[in-house]
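The numbering of the sequence shown is the numbering used here, which starts it at 90 and goes up by one. For every residue, glycine included, the Cβ atom is placed at its ideal position computed from N, Cα and C. Quantities reported herein were computed from a predicted structural model and do not represent experimental measurements. Read through the structure below, which is laid out as structure tokens, and then see the notes.
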Amino acid sequence: MSFFVVTQWNQGRVASVLIIEEVLMSTNKRATKKPSSTKFKIKVSKNGPYVVSGGVPLRVNRVVLDAKGIPYQWKQGEKFSVEEPYELCRCGKSKTMPFCDGTHEHIEFDGAETASRKPFLSQAKVLKGPDLTLTDLPKLCVHAGFCDRAGGIWNLTQYSDTPEARRIAIEEAANCPSGRLLVWDKDGNPIEPELEPSIELVEDPSRDVSGPFWVRGGIPIESADGATYEIRNRVTLCRCGKSKNKPFCDGLHIKK
């Protein structure tokens, strides 16, 4: 996996990350990604599907475990042929998954959006390590499990002056599909994977569960009322219909 230190999202540089409040105030704009393309968009319809325009690629992405049974990498799977535009199921009951078949109309699906419109960094917790700073917004967690390897990203951040701990912490944050976890270098720049715009269907064979829609590469997501959520490199949208943080996933698909 290749990475780049993001500097193009803001022309200025942060002088210091020694004070947590300074990190939040100085880097807030740079947690937002510029739209990947003017043609790509996901529209959340009222109590209905996600309407995807621009021909966004759609494919499966599976969680792969290491020898200890801990998630450590992704494996891309089959790619879907899509129309323009196409509709993705949001209620979790479609018989033509992942596409909408109109079932939401018959089950009186309540798709009311409850997610905050505030920027990520205005809500995130901050953990300062010697070489990395970790920002963490727990309510975005989808329980993919990539943050648990090698003692966990929180512990690794505390020892980020060690090359191996730093490397694994960066990998774990990058593999977090929801963008709950984001690491920053000592100059206050976010370290993000290079992701081409796509929508990935998260599948976890070890748990026998289907996870959220993983929206990658800065695709704008427009709410039913016409507002655009903060554009980010990585977010996850609910596809089981159970989330209490709609339209985003909150991990409730794990709970049977």
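- Fewer than three beta-carbon pairs drawn from the stretch 199-212 and the stretch 182-190 are found closer than 8 Å, and the two stretches are therefore not classed as touching.
- By the neighbour-count definition (other C-beta atoms within 10 Å, threshold 16), residue 316 is an exposed residue.
- Restricting attention to alpha helix (DSSP H) runs no shorter than 4 residues, the stretch 225-305 encloses them at 242-247, 252-264, ordered along the chain.
- Per DSSP, residue 203 is not a residue of any alpha helix (DSSP H), being assigned neither H nor E.
- Taking 9 Å as the cut-off, the beta carbon of residue 145 is found no closer than this to the beta carbon of residue 163.
- Here residue 303 is near residue 288, since their CB atoms are less than 9 Å apart.
- Check the Cα spacing between residue 257 and each of 197, 267, 272: the tightest is with 272.
- In the DSSP assignment, residue 194 falls within the alpha helix (DSSP H) that extends over 192-195.
- Leaving aside the five residues that flank residue 239 on each side, the residues in its chain whose CB is nearer than 7 Å to its CB run, in chain order, 245, 257.
- Assigned with DSSP and collapsed to three states, residue 221 falls in coil, not helix or strand.
- Annotation for residue 331: 341 place their beta carbon closer than 6 Å to its own, counting only its chain and skipping 5 residues before and after.
- Burial of residue 262 is indicated by the presence of at least 16 other C-beta atoms within 10 angstroms of its C-beta.
- Selection 214, 232, 195, 252 evaluated against residue 296 yields 232 as nearest (Cα-Cα).
- Take residue 294, set aside five residues on each side of it, and the residues of its chain with a beta-carbon closer than 8 Å to its own are 151, 152, in chain order.
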